[in-house]
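J.: Heads up, the sequence shown is in the numbering used here, so the first residue is 60 and it goes up one at a time. Note that beta-carbon positions come from the ideal geometry of N, C-alpha and C, so glycine has one too.
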Amino acid sequence: MNKFLLKLYVTGDTPRAERAIANLRQICERELHDQYELVIIDVLETPTG
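#1: With respect to the alpha helix (DSSP H) encompassing L83, which residues constitute its N-terminal and C-terminal limits?
#2: Would you say I99 and L64 are within 9 Å of each other, going by their C-beta atoms?
#3: Near G71, which residues of its chain fall below 6 Å by C-beta distance, leaving aside the five closest residues on each side in sequence?
#4: The beta strand (DSSP E) spanning D101 covers which residue range?
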């Protein structure tokens, strides 16, 4: 079965970014179970994504 590939772009290690990551992980686990791959991209560390 195919997995969903989700990319979340954040700017730095901030409380808002951490909250966004946690919220998205929670939604993915609830709705997609093990059928997803989540990639977190910090645009301050990797500007080209």
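T.: Answer, in terms of the structure:
#1: 74–90
#2: no
#3: L103
#4: 95–101
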